[in-house]
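**Q**
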Amino acid sequence: MDWTILLYKTIFLFIILLVTLLVAMYSTYGERKVAAFMQDRRGPNRAGPFGLLQPLADGVKMFMKEEIIPLTANRTLFILGPSIAMTTALLTGVVIPWGGTLIIGGREFSMQIADLNIGILYVFAMVSIGVYGIMIGGWASNNKYALLGAIRAASQMISYELAMGMSIVALVITTGSLSLHDIVTQQHGMHWNIFYQPLGFLIFITCAFAETNRAPFDLPECETELIGGYHTEYSSMKLGFYLFAEYINMFISSAVITTLYFGGYNMPFIDQLGLSPNTVTLLGTAFFFVKILSMIFLFMWIRWTLPRFRYDQLMNLGWKGLIPLAIFNILATGVYYYFTELT
Amino acid sequence: MTFLFYMLSAIMIISALLVVFSTNPINSVIYLIICFIAMAGHYILLNAQFLAVVHIIVYTGAIMVLFLFVIMLLNLNKAIIPQKSQLTRISAVVTGGLFFLVVLAATRQTFEIHPRYPFTGDIGLVKEVGKALFHEFLLPFEMSSVLFISAMVGAVMFGKKDN
Chain A
1 MDWTILLYKT
11 IFLFIILLVT
21 LLVAMYSTYG
31 ERKVAAFMQD
41 RRGPNRAGPF
51 GLLQPLADGV
61 KMFMKEEIIP
71 LTANRTLFIL
81 GPSIAMTTAL
91 LTGVVIPWGG
101 TLIIGGREFS
111 MQIADLNIGI
121 LYVFAMVSIG
131 VYGIMIGGWA
141 SNNKYALLGA
151 IRAASQMISY
161 ELAMGMSIVA
171 LVITTGSLSL
181 HDIVTQQHGM
191 HWNIFYQPLG
201 FLIFITCAFA
211 ETNRAPFDLP
221 ECETELIGGY
231 HTEYSSMKLG
241 FYLFAEYINM
251 FISSAVITTL
261 YFGGYNMPFI
271 DQLGLSPNTV
281 TLLGTAFFFV
291 KILSMIFLFM
301 WIRWTLPRFR
311 YDQLMNLGWK
321 GLIPLAIFNI
331 LATGVYYYFT
341 ELT
Chain B
344 MTFLFYMLSA
354 IMIISALLVV
364 FSTNPINSVI
374 YLIICFIAMA
384 GHYILLNAQF
394 LAVVHIIVYT
404 GAIMVLFLFV
414 IMLLNLNKAI
424 IPQKSQLTRI
434 SAVVTGGLFF
444 LVVLAATRQT
454 FEIHPRYPFT
464 GDIGLVKEVG
474 KALFHEFLLP
484 FEMSSVLFIS
494 AMVGAVMFGK
504 KDN
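Line by line, the protein sequences are chains A and B.
If you're matching positions, the first sequence starts at 1 in our numbering and goes up one per residue.
If you're matching positions, the second sequence starts at 344 in our numbering and goes up one per residue.
(1) Give every residue of the same chain whose Cβ lies closer than 7 Å to the Cβ of A:Ser-27, excluding the five residues on either side of it in the sequence, and list them in chain order.
(2) Can you say whether B:Met-407 is buried or exposed, counting buried as having 16 or more other CB atoms within 10 angstroms of its CB?
(3) Return the chain-ordered list of same chain residues with a C-beta closer than 7 Å to the C-beta of A:Trp-192, the five sequence neighbours on each side being excluded.
(4) From B:His-385, B:Ala-359, B:Thr-450 and B:Val-397, pick the residue whose C-alpha is nearest to that of B:Val-472; which is it?
(5) Alpha carbon to alpha carbon, how far is A:Thr-285 from A:Thr-92? Give it in angstroms, no decimals.
(6) Is it the case that the stretch 158 to 169 of chain A contacts the stretch 189 to 207 of chain A, given that we only count it when at least three CB pairs across the two stretches are under 8 Å?
(7) Contact check, B:Leu-388 vs B:Phe-348 under 8 Å by CB: the rounded distance?
(8) Using a Cβ-Cβ cut-off of 6 Å (strictly less than) and excluding sequence neighbours within five positions of A:Pro-44, which residues of its own chain qualify?
(9) So which residues on chain B does A:Ala-154 lean against when the C-beta distance must stay under 7 Å?
(10) Closest to A:Gly-30 by CA distance: which of A:Thr-333, A:Thr-340, A:Gly-334 and A:Leu-293 is it?
(11) Compute the distance between the beta-carbons of A:Thr-212 and A:Tyr-196, then report whether it is under 7 Å.
(12) What residues in its chain sit with their C-beta under 7 Å from that of A:Asn-316, if we drop five residues either side in the sequence?
(13) For the candidate residues A:Ile-302, A:Phe-339 and A:Asn-278, whose alpha-carbon lies nearest to that of A:Gly-105?
(14) Going along chain A in order, which residues have a C-beta closer than 9 Å to the C-beta of B:Gly-473?
(15) Report, in whole angstroms, the separation of the C-beta atoms of A:Leu-121 and B:Ile-376, which I expect to be a contact under 8 Å.
(16) Which bits of chain B does A:Val-95 rub up against, with CB to CB less than 9 Å?
(17) Three-state secondary structure (DSSP) at A:Arg-46?
(18) Please classify A:Asp-218: is it buried, with 16 or more other beta-carbons within 10 angstroms of its beta-carbon, or exposed?
(19) Is it true that the CB of B:Pro-368 sits closer than 7 Å to the CB of B:Ile-414?
(20) Quick check on the DSSP output: the alpha helix (DSSP H) that includes A:Arg-152 runs from which residue to which?
(21) Give the C-beta separation of A:Asp-115 and A:Ser-179 to the nearest angstrom, bearing in mind that I take them to be a contact with Cβ-Cβ under 8 Å.
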């Protein structure tokens with residue numbers, strides 16, 4: 001291993017970590033502003049100009065709150081729960097290609113931390129470990145509402161993981177690679193996968209909503225039935241970790257959706273402009289973030305527009321709606337490529 | 344590499360022992376999950392990234408979640424150690440020791456195993472695994488998928504409410 005590469009990767013890792021946290025932090029602000037906009041209110045506007053310091057104030061508040069661990073709770077697991085949720089949420093970002101290659105001093109530096117051969121499956125693995133954060137936390141609280149919320153969350157996430165995986169199978173048939181880097185480079189020049197896999201995209205985004213426990217699939221923390229769901233007993237920064245992990249997951253899943261279906265860091269008409277490679281890379285990264293932020297806006301838009309599902313409706317949609325559709329999508333894609341490859 | 348190997352092995356063995364020795368079933372499940380993750384680490388050391396990730400998705404992410412489910416719903420959070428009589432304990436120790444002896448004798452006598460596929464760096468990558476599964480082992484692969492379907496149908500039959 002070359003020392004410059006190692007140093008570069010370490011610095012880049014920290015930058016990605018900071019950016020992820022920053023975006024997640026301002027997503028909480030964005031969420032409240034979007035909610036206010038949808039409901040014709042003003043939203044947070046006291047802390048700083050336009051209320052921009054609100055996330056900081058919230059963070060300080062979270063830290064200052066008294067920390068309560070219930071006497072009947074399992075102490076170790078109670079602490080382990082939010083830690084797993086936060087760690088797995090942060091780990092996913094390493095396989096996402098945040099940009100093309102930068103050329104510094106005649107050497108190429110890729111703006112992706114790890115180009116794994118199985119990139120997209122890695123994301124799935126992290127998501128499936130993330131279930132434990134919620135389940136362990138909910139169980140360790142020793143509270144029936146928390147346990148019910150945890151069980152709802154786990155069954156929901158397992159059910160929707162299947163349909164999500166199947167929608168990815170169709171995408172992999174189209175791209176012929178599991179590496180996120182390859183998938184993005186193939187979409188260069190407006191060959192975005194959404195045009196080739198519209199049904200797969202719809203299935204994937206529905207499942208992404210369910211995986212991040214966002215409305216209309218936020219049954220694990222549905223206040224009207226379960227008080228607060230799996231994090232009922234949590235307070236202080238542990239609660240903060242759970243809430244924060246949700247926003248990080250939202251950011252990462254927006255990034256994954258953009259990478260898979262909206263061309264990642266590719267910009268339309270970038271080749272015609274005749275810019276230097278480094279400018280192209282930086283512009284691409286900026287454009288990638290614009291796409292991600294619009295996707296986050298979509299997440300919020302849907303949250304404040306649609307009512308929550310009932311639990312049986314949720315399961316019916318997952319098992320009887322999305323999975324057959326995803327299987328049909330795989331079949332259709334397979335048949336199409338079988339016949340076009342032959343000719 | 345060697346350091347990583349020994350560290351992963353140590354984690355695996357210790358967590359595997361803790362699975363058996365911990366009295367709380369929830370702790371057992373969690374140690375088993377740790378054991379599986381360390382095993383995925385071993386796959387990665389062999390450059391079998393695909394196997395490692397599938398192992399995490401299937402075993403850690405799906406099967407163990409179901410285990411955890413069942414244990415949580417059965418509410419086995421109190422330590423339950425069934426009280427056995429002295430005779431049962433002694434006979435268990437004797438039979439366990441004998442079994443260990445047999446295993447030891449058997450492994451001492453085994454000749455060196457010659458792998459059918461010599462180890463190459465990319466044997467565990469998606470392309471190689473896919474080629475092996477869909478060319479040479481196509482029939483067993485398809486048969487096992489039929490087996491899975493029959494298991495699923497069976498589960499649905501059991502789960503169906505009687506009309």
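Virtual Cβ for every residue (Gly too), placed ideally from N, Cα, C.
Computed from a prediction, not measured in an experiment: that's the story for all the values here.
**A** To lay it out plainly:
(1) Tyr-247, Met-250, Phe-251 and Ile-296
(2) buried
(3) Tyr-261, Phe-262 and Gly-263
(4) B:Val-397
(5) 18 Å
(6) yes
(7) 6 Å
(8) Arg-32, Gly-51 and Gln-54
(9) Val-408 and Phe-412
(10) A:Leu-293
(11) no
(12) none
(13) A:Asn-278
(14) None at all; the shortest Cβ gap to chain A is about 10 Å.
(15) Going by Cβ atoms, the distance from A:Leu-121 to B:Ile-376 rounds to 18 Å, so no, they are not a contact pair.
(16) Within 9 Å Cβ-Cβ: nothing; A:Val-95 doesn't reach chain B, min ~11 Å.
(17) coil
(18) buried
(19) yes
(20) 144 to 175
(21) 6 Å
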